[in-house]
Each structure stands twice: as structure tokens, then as C-alpha cells.
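**Student:** Chain order of the listed sequences is A and B. Under my numbering, think of the first position of the first sequence as 988, with each following residue one higher. Under my numbering, think of the first position of the second sequence as 1428, with each following residue one higher. Virtual Cβ for every residue (Gly too), placed ideally from N, Cα, C.
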Amino acid sequence: MPITTIGSSQIHVDSEGFLTEYGEWTESLGETLAAAIGIELTEAHWKAIRFLRGDFAVQGETATLRRVSTLANIPIKELFTLFPGKPAKKMAYIAGLPKPRGCV
Amino acid sequence: MTMTITEPMPVPAFDGIGLGRKLAIICSKGNLDMAYPGLVLANAALGEGVETHLFFTFWGFDMITKSRMGNLKFTMLGNTATHMPQGLGGLPGMTAMATHNMKKRMNEIGVPEVPDFLAQIVASGGHLWACRMSAEMMRLDESDLYEEVEGIISATDFIEKTEGAQLLFI
Chain A
988 MPITTIGSSQ
998 IHVDSEGFLT
1008 EYGEWTESLG
1018 ETLAAAIGIE
1028 LTEAHWKAIR
1038 FLRGDFAVQG
1048 ETATLRRVST
1058 LANIPIKELF
1068 TLFPGKPAKK
1078 MAYIAGLPKP
1088 RGCV
Chain B
1428 MTMTITEPMP
1438 VPAFDGIGLG
1448 RKLAIICSKG
1458 NLDMAYPGLV
1468 LANAALGEGV
1478 ETHLFFTFWG
1488 FDMITKSRMG
1498 NLKFTMLGNT
1508 ATHMPQGLGG
1518 LPGMTAMATH
1528 NMKKRMNEIG
1538 VPEVPDFLAQ
1548 IVASGGHLWA
1558 CRMSAEMMRL
1568 DESDLYEEVE
1578 GIISATDFIE
1588 KTEGAQLLFI
């Protein structure tokens, strides 16, 4: 499990770069991760990211796109605009969570 | 916020894998249990940035026919995978019960019903196409179909549209 250093803090990541420790994430780290994949976070992005963080804390699992859309009330289309290409994975990455396991 | 990355941080190759890939799914069945595989796979592909086209043909036409799409059924008859005596499946009300149970289970695991699922696929950028021959055979036209269907096209048109795509027949 690689350890990488961002600023003064060391974070644990998997071989792809997804954080593996829920507690090591901060909002400013989220911004750094987003920038690394070419996304500048706006309030609309944060709405999804904060939902993912909160939902993971309760469910112990990363929300799927459908779950984010239904429960955080963000249209699927908007999620594809905010996090183009692979929205579910990109959101999970920025939120410092594992990739979602659910199929739908 | 300024943070300095002092050691190389692995970054997922989101834009490398999957993008530029194309998937064609031919949906030819109208049973509830056979509608789902195509929808689940289409949804998964779209979430991975894969351009996805679905072609509805023969009984699969029910999946996009407004009067039927919300009312697909699951039957035990002819399906040994239910591990129930086949004779049971023929009793009155059994298909309705099996359908109800399947929908309930799907709902419990967060899988939407067919119309909702199609809406999600369209919102994710998926393309829905209706088979011309099936439309003619069933005497249906655009007005009978789900609004998001992009067109009634021939098999040849579909093959042209999906040049280079990986193909699934369900």
C-alpha cells in the first residue's frame, strides 16, 4: 500500500491512488485530488462530495451514481457534467473513498 | 488553499481507459428478468465513459412500448433456475406473484423499474433505438414508444451506427 505525502500530511492510497483511510481525508485534500484529475470544485461538486462522505460514514460503502442522484437529489445528467466520463469513480476518488462496488 | 505534493502521488488514469470504446446491446426479450441484464450492462458501460447504443427488437420491443414497459413479467414457467416444480408455475396468479416478488427484491437492492432505468440510461448519455421490422410486425409507431427512443431504424442502420462496437445480444 503506497504512502504519499501531500503538504505535511502522509496519506495511504491504493495502487491507483484512491485513499484507503477514511479519516485521512480533508476538504483541502479533496481539492488537491480534484485538481490532480483536472476538476475545479464548485459548490455543485461539493454537494455530491459531501453526500458521499456522509453516506459512507453511515453505510460503510461508497454510494453508486444512482444513490447519489436519488438521495442527494442531483440529476444524473448533472453528475456527468460535473465529473465527466466516469462520474462515480471520479467522485469517489475526490471524496477519498474506495470505488463503488454496487452495479446500479 | 495551497498544498505541495512532495512525493509522487499515483493518479487514476480516468481518461485513458474506456473512453473511445463503444458498446452495442441488442435487447430481444420482453420478460422482466431478461430486460435487466441489458439495462444493467448499459448503465455500467455508460458509467465507465463507454458510448452505448441499445437496439430493441422482437419481444424486447416491450421494454420501450409505453403501454407495456412498466408491466413486464417474470414467470417460473420454462425456467428451471427457480428450482420450483414446473407445474406450480402454471397455477393461476403464479406469474403475478413471481413478478411482484422479483420487483420487490430489485427495489430492495436499489435497482429501478424498467421505465426509470431507461430514463437513467438516457440521462447518462445512452442511445435507444427501436427495430423497424418489429414496429411493422406489431403495428406500432413513434407515438406508441417511450419518448426518449431516438428513432425507429433498420437492422442495417443499427449495424452502421455501431461500427467498431463490441456487441451483446440478449
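Output the distance between the C-alpha atoms of leucine 1066(A) and alanine 1050(A), rounded to the nearest integer angstrom.
**Tutor:** Cα-Cα distance, rounded: 13 Å.
**Student:** With a floor of 4 residues, list each alpha helix (DSSP H) that falls wholly inside the segment 1517–1560 of chain B, ordered by position along the chain.
**Tutor:** DSSP runs (the alpha helix (DSSP H)) wholly in the segment 1517–1560 of chain B: 1521–1535 and 1541–1550.
**Student:** Comparing the C-beta of valine 1091(A) with each C-beta of chain B, is any distance below 7 Å?
**Tutor:** yes
**Student:** For glycine 1487(B), which of helix, strand or coil comes out of DSSP?
**Tutor:** helix
**Student:** Can you give the beta carbon distance from threonine 1019(A) to isoleucine 993(A), rounded, assuming they're within the 8 Å contact cut?
**Tutor:** 6 Å
**Student:** Could you list which residues in chain A have their beta carbon closer than 8 Å to that of threonine 1467(B), in chain order?
**Tutor:** The residue asked about is misnamed: residue 1467(B) is valine in this sequence, not threonine. By Cβ distance, chain A contributes Cys1090 and Val1091.
**Student:** Go to serine 996(A), then tell me how far its beta strand (DSSP E) extends in each direction, as first and last residue.
**Tutor:** It spans 996–999 - the beta strand (DSSP E) in which serine 996(A) sits, taken as one unbroken run.
**Student:** Along the segment 1558–1592 of chain B, where does the CB come closer than 8 Å to a CB of chain A? Name the residues.
**Tutor:** none
**Student:** If you draw a straight line from the alpha carbon of glycine 1465(B) to that of valine 1538(B), how long is it in whole angstroms?
**Tutor:** 13 Å
**Student:** For glycine 1376(B), which beta-bridge partners are listed by DSSP?
**Tutor:** The first residue shown for chain B is 1428 and the last is 1597, placing residue 1376(B) beyond what the model contains.
**Student:** What are the boundary residues of the beta strand (DSSP E) that includes phenylalanine 1596(B)?
**Tutor:** 1593–1596
**Student:** Using a 10 Å radius around the Cβ and a threshold of 16 neighbouring Cβ atoms, would you call glycine 1025(A) buried or exposed?
**Tutor:** exposed
**Student:** Kindly indicate if chain B contains any beta-carbon less than 7 Å away from that of alanine 1035(A).
**Tutor:** no
**Student:** Does the beta carbon of alanine 1523(B) sit closer than 7 Å to a beta carbon anywhere in chain A?
**Tutor:** For alanine 1523(B), the answer is no, since every Cβ of chain A falls outside 7 Å of its Cβ.
**Student:** With a cut-off of 7 Å, does the C-beta of leucine 1028(A) fall near any C-beta of chain B?
**Tutor:** no
**Student:** Given 8 Å as the limit, is there contact between the segment 1083–1090 of chain A and the segment 1452–1464 of chain B, that is, 3 or more CB pairs closer than that?
**Tutor:** no
**Student:** Could you work out which residue in Val1000(A), His999(A) and Gly1004(A) is closest to phenylalanine 1441(B) when comparing CA atoms only?
**Tutor:** Gly1004(A)
**Student:** With DSSP collapsed to three states, give me the class of asparagine 1498(B).
**Tutor:** helix
**Student:** Considering threonine 1019(A), what are the terminal residues of the alpha helix (DSSP H) in which it resides?
**Tutor:** 1014–1023
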